[in-house]
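> First, the structure itself, so that you have it in front of you.
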Amino acid sequence: MVVDSSAILAILLGESDADLYIDALCSGERLLISAVNHLEVAIVIEARKGAIGGESLHSLMTHSGIEVLPLDASQAEIALAAWRTYGKGRHPAALNLGDCAAYALAKTLNQPLLYKGDDFSKTDIVAWKER
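When we follow full-length UniProt numbering, the leftmost residue of the sequence shown carries the number 1, and every step to the right adds one.
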């Protein structure tokens, strides 16, 4: 499964539904994240929590085995197409750069996406659901 920034931030920020995302990360599935989303989470968590936030992210990534994959040219094209269709100011999904990167990785690898919120539910992405 591809993991969006929103799911990781829900865990790291101790949001009320964090257990749902922790359970998903413990599902035994291969866990993937775009390098763009990894950077996004790192910036947000360090801005909010300082160095300890960065350490928490590193620990979560290591212990859950999330693999960071680069954004390649094919994904960039898919991300741009996603923005054209579902981008902020263009569509109710209002996808931003990070959202488009997660969307592209999930589409490229034909994997479901683990995310928090309702933005992706307004797209054609397949959401991860516990089996």
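Heads up, the beta-carbon is just placed ideally off N, CA and C, and yes, glycines get one too.
#1: Can you tell me whether GLU15 is helix, strand or coil according to DSSP?
#2: Hey, how far is the Cα of GLN75 from the Cα of GLY117?
#3: Run through the UniProt domain "PIN" (1 to 124) for me and flag every whole alpha helix (DSSP H) of 4 or more residues, listed as ranges in chain order.
#4: Do LEU71 and ILE45 have their C-beta atoms closer together than 8 Å?
#5: Can you have a look at ASN110 and say buried or exposed, based on whether 16 or more other CB atoms are within 10 angstroms of its CB?
#6: Excluding the 5 residues preceding and the 5 following ALA35 in the sequence, name in chain order all residues of the same chain whose CB lies nearer than 7 Å to its CB.
The structure says:
#1: Residue numbering aside, residue 15 sits at position 15 when the sequence shown is read from its first letter. Of the three classes helix, strand and coil, the one that applies to GLU15 here is coil, per DSSP.
#2: Position 75 of the sequence shown, counted from the first residue, corresponds to residue 75. Position 117 of the sequence shown, counted from the first residue, corresponds to residue 117. Distance from the CA of GLN75 to the CA of GLY117, rounded to the nearest whole angstrom, comes to 23 Å.
#3: Along the length of the UniProt domain "PIN" (1 to 124), whole alpha helix (DSSP H) runs at least 4 residues long occupy 5 to 12, 18 to 25, 35 to 49, 51 to 64, 73 to 86, 97 to 109, reported in chain order.
#4: For the purposes of this step, residue 71 is taken as residue 71 along the sequence shown, with counting starting at 1. For the purposes of this step, residue 45 is taken as residue 45 along the sequence shown, with counting starting at 1. No, these two residues do not count as a Cβ contact at 8 Å.
#5: By one-based count along the sequence shown, residue 110 stands at place 110. It is exposed - the Cβ of ASN110 has fewer than 16 other Cβ atoms within 10 Å.
#6: The residue given as residue 35 occupies position 35 in the sequence shown. Cβ neighbours of ALA35 beyond the five flanking positions: VAL68, LEU69, PRO70, LEU71.
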